[in-house]
Structure formats: C-alpha cells, structure tokens
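Structure, as structure tokens:
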Amino acid sequence: MSTRLDRLFLLLDQGTNNVTRKAAALQLGEVQKLHPHEFNNLLIKVKSYLQSSSWETRIAASLAVEAIIKNIPPWFPVGVEDKDEQTKDSKIEYVLKDDRMCFNFFDINTVIKCGQNLLGSEGSEYDTNIINCDNLASNNFKEKLTLQRRLLNKKLGLDIAEQLNLGINSADIVSNYDLSQSLELNGRGEGKRENGEGVEEKKNLKDIINKCSTLEMKRKAQSDSLSENSLKKIKTQNEEKEEEFVNDLAISSEEWPLESFSDGLMSDLFNPSWEIRHGAATGLREIVKIHGKSGGRWLNAPKSQMDNLNQLWLEDLALRLICVLALDKFGDFVSDQVVAPVRETCAQTLGSVFNIMSNERILKAIDILLKLLSRPEWETRHGGLLGLKYLLAIRQDLTQTLLPIVFDAIFNCLKDPIDDVSAVAAAALVPVKDSLIESLPDKIPVIIDFLWDALNEIDDLTSSTSNILMLLSSLLTHFSKAYNSELKNLVPRLWPFLYHNLTSVRKKIKN
53 MSTRLDRLFL LLDQGTNNVT RKAAALQLGE VQKLHPHEFN NLLIKVKSYL QSSSWETRIA
113 ASLAVEAIIK NIPPWFPVGV EDKDEQTKDS KIEYVLKDDR MCFNFFDINT VIKCGQNLLG
173 SEGSEYDTNI INCDNLASNN FKEKLTLQRR LLNKKLGLDI AEQLNLGINS ADIVSNYDLS
233 QSLELNGRGE GKRENGEGVE EKKNLKDIIN KCSTLEMKRK AQSDSLSENS LKKIKTQNEE
293 KEEEFVNDLA ISSEEWPLES FSDGLMSDLF NPSWEIRHGA ATGLREIVKI HGKSGGRWLN
353 APKSQMDNLN QLWLEDLALR LICVLALDKF GDFVSDQVVA PVRETCAQTL GSVFNIMSNE
413 RILKAIDILL KLLSRPEWET RHGGLLGLKY LLAIRQDLTQ TLLPIVFDAI FNCLKDPIDD
473 VSAVAAAALV PVKDSLIESL PDKIPVIIDF LWDALNEIDD LTSSTSNILM LLSSLLTHFS
533 KAYNSELKNL VPRLWPFLYH NLTSVRKKIK N
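Each residue of the sequence shown is one higher than the one before, counting from 53 in this note's numbering.
Set out below in structure tokens:
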C-alpha cells in the first residue's frame with residue numbers, strides 16, 4: 053500500500069488541477085517541518101519530478117522545492133579565526149579547486165564556439181523501440197519481446213502499480229503472450245500456427261473480463277486493508293531511515309546542506325532534454341531566492357572568507373546560467389511570440405543571483421551579456437537581452453549606473469531584424485523608463501522617434517508590436533507635450549492597430 057507521502061508525490065504529477073498540485077507541494081513542506089532530517093530524501097524524490105516531461109508537474113515540483121527549503125534553517129557558519137594577518141588579508145579562492153568558474157578566466161565566445169548547442173532533446177525518443185523480429189534466434193527474440201512489454205507498460209503508465217508496491221505485476225496486464233499474438237516461436241523466430249490449422253488463436257473476451265475483475269479485486273484488497281504487522285514494519289523502517297539521515301547530516305555538516313542538491317541541478321542545466329534544463333532552472337531559482345546567501349560557505353573556512361566564498365558560488369552559478377542563455381536554441385511559437393522556457397527561466401534565476409551579488413561582479417556579468425548581443429545567432433541575442441531585462445528590473449537601485457552602460461546595446465537590438473529580439477529589447481526598457489528619463493533624458497526623443505517610425509513597418513505578423521506600443525505609451529506619458537504639434541500626423545499611425553487580432557495590442561492603443 054502506498055503511504056501518505058507517496059500519495060503527495062503522486063499528486064504533484066497527477067493532480068487534477070493546479071490547486072491540488074500546489075496543496076500537495078505545501079503539504080510536503082509541512083512534512084519537512086515535522087521531520088527536519090528528511091530533507092535529503094524529500095529533495096531527491098522531488099528532483100525526479102523536476103525532470104518530468106509535463107509542464108504542470110515541473111511547476112508543482114518547483115513549488116515543492118520552495119516549500120521544503122523554506123523549512124530548512126539558513127546556513128551561516130561562523131568559521132574559524134584567521135591564524136595570522138597574511139591569511140586574513142589574502143583572498144583564498146577555495147572554490148576554484150572544485151572546478152567552479154570565475155569571471156577572470158571566462159570567455160563566452162570560446163564557449164559558443166566549442167560548446168554544443170542545447171536543443172529540444174538529443175533525439176533518443178525518436179529511436180525505433182519496436183524490434184524487428186525477423187532473423188532472430190528464439191531465445192534472443194523472447195528477450196526483446198520482454199523488453200517490448202516493459203517499454204509498453206512504461207509508456208502506458210502501467211508500471212506505477214509496481215512502484216507503489218501494490219502487489220500487482222505489470223506482466224499481468226500486458227504480457228509477452230499479448231505481444232506475440234498467441235504465436236509460438238520456433239528457432240528461426242517465425243510463428244508456428246497452433247494445431248497446424250494456420251489460424252491464430254484469439255483470446256476469449258470472457259477471460260479478459262475475468263482477468264480485469266481479478267486485478268480490480270486485488271487493488272481494492274491491497275488499498276483497503278493493512279495488517280498490524282505491516283504497519284509496525286513500516287514504522288520501524290521509517291525510524292531506521294530517519295536515524296540514517298541524521299547520521300548523514302552529521303557526516304556532511306561541514307558543507308552547506310543544499311550543496312549536493314544544487315550541484316546536481318547545475319549539472320542538469322546542460323542536459324540535452326529541454327524539460328530537464330527547465331526543471332533544473334526552476335529548482336535553482338527557488339534555492340537562490342531563499343538560500344542564495346548561504347551557498348558555498350564552509351564550516352571550517354576562515355571567518356574573513358565566508359562572504360567571499362558565497363560570492364564565488366554565485367559567480368559560478370551566474371556563469372553557468374549565462375552559458376545556457378548563450379547555447380540554448382529551444383523555442384516554441386505560441387500566439388505571436390517565441391516562447392523560450394529555458395532561457396526565460398534561466399534569466400529569472402540569473403536575476404535572483406544578481407539581487408545578492410556584489411556590484412563589482414555584476415559589472416563583469418554585464419560585460420559578458422553585452423557580448424551576447426553582438427553574436428550572429430538570434431537565440432543568443434535573445435538570451436542576452438533576457439538576462440539584461442531581469443537585471444534592470446530587479447536591481448532598481450543600480451539603474452542610474454547600469455543604464456548608461458547597456459542602453460546603446462539594447463537600443464541597437466530594437467532595430468534587430470528578428471522580431472522576437474526587438475520585442476525583448478523593448479520589454480527590457482519598460483520597467484526602467486523613469487530612471488531612463490532621469491539618467492539619459494537626451495535619448496528619449498531618439499527612442500520615441502524610432503518607435504513612431506517602427507509603427508509604419510510592423511503589422512499583424514510582427515511579434516514585437518505589443519512591446520513597442522507599450523514602450524511608446526510609457527514614454528509619451530512624460531513627453532506628450534513635446535509632441536503636441538506633431539500628434540495630428542502621428543496618431544493616425546495607430547488606427548490600424550485598433551483592429552489587431554490580439555487583445556493585448558488593442559488595449560495598448562487604448563492606453
């Protein structure tokens with residue numbers, strides 16, 4: 053029988069709606085609160101759901117990660133006293149020996165040149181799983197047939213019964229006999245027809261109904277009753293597991309408790325499957341938001357180096373995310389714009405990293421992102437703009453410093469021949485329009501003139517229409533008086549968009 057914990061995990065994947073999935077995720081957080089030493093076990097199980105092919109399951113799994121790690125205490129070890137002034141004043145790069153990356157030795161152009169493009173998948177799912185039965189030996193054919201049954205049961209979800217220990221064998225549902233279509237195999241892998249009649253034997257419908265009834269009775273019996281001995285056995289096993297995790301925690305207490313889990317997600321950022329990359333980015337996003345300031349710290353590190361260790365960890369994570377922004381080529385087209393879930397989520401995570409990263413390191417990261425904007429690959433330019441978009445939106449305290457550095461590059465991307473790139477460029481400037489007016493007032497007329505001219509070129513198929521109109525309306529709010537004399541000639545350019553097929557575009561005209 054499945055435990056209550058198993059059912060919570062099952063709801064993450066098979067909940068009837070998002071409310072049910074979210075409730076299951078929050079309940080997993082309560083489990084962590086009641087059993088604080090179970091976090092490794094919980095996170096390992098949640099990670100498998102972060103790799104699901106279902107979007108809803110991955111989002112629910114990220115909510116579960118958030119709920120669980122909220123109940124894990126922050127990791128801020130005091131560290132050891134520095135032995136001498138030389139050690140105290142030196143910046144020991146502890147993390148570099150663990151193959152962590154740093155800005156000083158990083159070249160994004162080399163990464164793009166030598167790195168492998170990250171696509172939708174590696175294509176293994178398109179490999180033929182149906183085995184050709186001709187010219188196979190009898191015993192080999194039986195093995196392939198068994199493999200076929202397992203693959204089929206997995207695709208149909210019939211292996212769940214075995215995973216939940218319901219005492220049901222998936223072979224009882226789809227067997228080798230079903231796949232072989234009642235043919236006996238000879239040494240050449242050919243089918244012998246029974247009784248020499250030359251006609252295949254068909255299963256009797258009554259037998260199938262009886263088998264299904266028997267299986268249903270088994271499920272009901274297994275679900276409705278559990279002996280007292282079984283309950284005691286489960287309780288004992290749980291106690292032993294909790295004791296085991298307590299011991300594991302004591303052994304690994306010298307490092308951040310989420311170290312291994314976050315390292316695993318960082319590795320998954322470069323998985324060939326886009327679903328796994330997306331799930332890893334969502335998990336890291338929650339970790340950085342809640343425990344980002346704890347990452348990379350060591351229990352026995354010098355006290356003066358604790359903050360430096362944390363910044364080195366953030367630096368390594370930021371570079372990995374930037375690499376994904378540069379290499380990821382997966383995108384889907386919904387409505388009028390490209391949907392790039394991996395790049396979008398990595399940019400959000402990068403924004404959370406920038407929120408707690410030192411200003412000096414942020415400037416180094418910006419230099420790399422600006423290099424992405426000059427690349428010939430439009431997906432790379434798109435990813436670089438997403439990184440700048442979330443940086444400007446999150447670090448409002450630095451916009452006066454950052455805008456003069458990034459404005460020219462973003463404005464050039466407004467002219468990009470790829471509509472999806474220009475759309476992100478426009479969206480990146482909208483959250484900082486007030487700071488833009490204060491820090492670069494002489495650039496505002498240039499932007500407005502360009503946007504008015506752009507209205508003559510865009511049409512119903514242009515994906516940047518909505519963002520261009522949004523940026524134009526936000527800037528005209530402050531500079532409408534300067535254009536009073538020209539509005540009679542300019543406003544008619546808006547009329548065609550009143551009949552645009554997208555509601556969002558028509559609303560922008562109204563505003």
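Positions of the beta carbon are idealized from the N, C-alpha and C atoms, including for glycine.
Boundaries of the alpha helix (DSSP H) in which residue i is found, first to last residue
{"i": "K74", "result": "N70 to L86"}
{"i": "S114", "result": "W107 to I121"}
{"i": "Q103", "result": "Premise fails: Q103 is in no alpha helix (DSSP H) and is neither H nor E."}
{"i": "S314", "result": "E311 to D320"}
{"i": "M153", "result": "Segment: none, M153 is in no alpha helix (DSSP H) and carries neither H nor E."}
{"i": "A353", "result": "A353 -> no alpha helix (DSSP H), and no H or E assigned at all."}
{"i": "A477", "result": "D471 to L481"}
{"i": "L450", "result": "It is not in any alpha helix (DSSP H) - L450 carries neither H nor E in the DSSP assignment."}
As assigned by DSSP and simplified to three states, the class of residue i
{"i": "L60", "result": "helix"}
{"i": "E412", "result": "helix"}
{"i": "V132", "result": "strand"}
{"i": "D159", "result": "coil"}
{"i": "W326", "result": "helix"}
{"i": "P493", "result": "helix"}
{"i": "E308", "result": "It is Trp, not Glu, that sits at residue 308 in the sequence shown. Looking at W308 - three-state DSSP - the assignment turns out to be coil, as it is neither helix nor strand."}
{"i": "D384", "result": "strand"}
{"i": "L527", "result": "helix"}
{"i": "L507", "result": "coil"}
{"i": "L171", "result": "coil"}
{"i": "N299", "result": "Note that N299 scores a pLDDT of 42, beneath 50, so its modelled location is shaky and nothing firm can be said."}
Distance between residue j and residue i (C-alpha atoms, nearest Å)
{"i": "L424", "j": "K467", "result": "16 angstroms"}
{"i": "R59", "j": "S314", "result": "25 angstroms"}
{"i": "E307", "j": "I339", "result": "16 angstroms"}
{"i": "F459", "j": "L94", "result": "45 angstroms"}
{"i": "A332", "j": "R56", "result": "26 angstroms"}
{"i": "D65", "j": "I499", "result": "47 angstroms"}
{"i": "F406", "j": "L443", "result": "7 angstroms"}
{"i": "F155", "j": "I374", "result": "11 angstroms"}
{"i": "I420", "j": "L528", "result": "32 angstroms"}
{"i": "V98", "j": "A116", "result": "7 angstroms"}
{"i": "P125", "j": "M153", "result": "27 angstroms"}
{"i": "A479", "j": "P88", "result": "42 angstroms"}
{"i": "N508", "j": "V476", "result": "20 angstroms"}
{"i": "A417", "j": "M318", "result": "18 angstroms"}
{"i": "A461", "j": "L80", "result": "45 angstroms"}
{"i": "S404", "j": "K341", "result": "6 angstroms"}
{"i": "E490", "j": "F322", "result": "40 angstroms"}
{"i": "A77", "j": "W350", "result": "30 angstroms"}
{"i": "N519", "j": "C465", "result": "13 angstroms"}
{"i": "L62", "j": "L422", "result": "43 angstroms"}
Among the options, the one whose alpha carbon lies nearest that of residue i
{"i": "T517", "options": "T529, L528, L527 and W504", "result": "W504"}
{"i": "F463", "options": "A506, D449 and N352", "result": "A506"}
{"i": "G131", "options": "A353, P88 and P125", "result": "A353"}
{"i": "K85", "options": "E108, W107 and N123", "result": "N123"}
{"i": "E133", "options": "M358, V498 and A399", "result": "M358"}
{"i": "N69", "options": "H87, C154, E108 and Q452", "result": "E108"}
{"i": "S526", "options": "D320, I496 and E509", "result": "I496"}
{"i": "D494", "options": "I470, K341, I520 and P456", "result": "P456"}
{"i": "G439", "options": "Q452, V376 and S491", "result": "V376"}
{"i": "G383", "options": "L422, A461, D472 and E118", "result": "D472"}
{"i": "F128", "options": "G344, C465 and S487", "result": "G344"}
{"i": "G335", "options": "G172, R427 and A119", "result": "A119"}
{"i": "I408", "options": "S346, W350 and A378", "result": "S346"}
{"i": "D368", "options": "K341, L402, Q79 and K355", "result": "L402"}
{"i": "L488", "options": "A461, E82 and L454", "result": "L454"}
{"i": "Y101", "options": "L351, F157, E327 and I164", "result": "E327"}
{"i": "R329", "options": "I164, R372 and L351", "result": "R372"}
{"i": "S104", "options": "L203, I121, S325 and G81", "result": "S325"}
{"i": "L171", "options": "D159, S491 and D380", "result": "D380"}
{"i": "A378", "options": "E490, G436, L524 and N323", "result": "G436"}
{"i": "R427", "options": "F322, P309, V163 and R337", "result": "V163"}
Cβ pair count under 8 angstroms reaching 3, the region 345–365 against the region 431–443: A contact is defined here as three or more CB-CB pairs under 8 angstroms, and the region 345–365 fails this definition with respect to the region 431–443.
Would you call the region 100–113 in contact with the region 58–74, where contact means no fewer than 3 C-beta pairs closer than 8 angstroms? These segments touch.
Given 8 angstroms as the limit, is there contact between the region 410–423 and the region 392–400, that is, 3 or more CB pairs closer than that? The region 410–423 makes no contact with the region 392–400; the number of CB pairs closer than 8 angstroms stays below 3.
How do the region 479–496 and the region 445–454 stand: do at least 3 beta-carbon pairs fall below 8 angstroms, yes or no? Because the criterion of three Cβ pairs below 8 angstroms is met, the region 479–496 and the region 445–454 touch.
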